[in-house]
């Protein structure tokens, strides 16, 4: 019985030693791939043409677009329901002169204050604000 135990331990050690280098390389490669994929997905959300007409926008997207347009008169406004159409998570990119001289936190607080009635009914909001020159 002691021999079987030693063989098992020896086999496991050999397996671990043999696979430790490829696993660490594979793991770091996998982590990089996951990070790149996550970034690509995030970029895709904002780089997709927001030229979808009002007919193709969800009700939530239209409501957010109306509120932000009225308050900030943005040069760029992209609103996308990234929850699959159920209206629980929105990605917003907003460029406006109203953000000149403000920190990112202050700009986001301004947007959040305008969207307070919408925010209470959703799960999440991804926000990118840019000060327009």
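Numbering (this note's numbering), first residue to last: 52 to 184.
Glycine included, each C-beta is placed from N, C-alpha and C at the ideal position.
Whole-number beta carbon distance between residue j and residue i, since they are thought to touch under 8 Å
i, j, result
"residue 125", "residue 145", "5 Å"
Burial state of residue i, where buried means 16 or more other Cβ atoms lie within 10 Å
i, result
"residue 184", "exposed"
"residue 162", "buried"
"residue 151", "exposed"
"residue 129", "buried"
"residue 78", "In this prediction, residue 78 scores a pLDDT of 41, lower than 50, which makes its location untrustworthy; no coordinate-derived value is stated."
"residue 172", "exposed"
"residue 164", "exposed"
"residue 132", "buried"
"residue 121", "exposed"
Separation of residue j from residue i, as counted between CA atoms
i, j, result
"residue 170", "residue 157", "17 Å"
"residue 175", "residue 114", "16 Å"
"residue 108", "residue 149", "25 Å"
"residue 73", "residue 112", "Reliability fails at residue 73, whose pLDDT of 34 lies under 50, so the model's placement of it is uncertain and no value is given."
"residue 123", "residue 181", "12 Å"
"residue 140", "residue 134", "5 Å"
Per DSSP, the bridge partner or partners of residue i
i, result
"residue 127", "146"
"residue 184", "In DSSP, residue 184 forms no bridge with anything."
"residue 166", "Partner(s): none; residue 166 has no beta bridge."
"residue 132", "141"
"residue 119", "Paired residue(s): none; residue 119 is not in a bridge."
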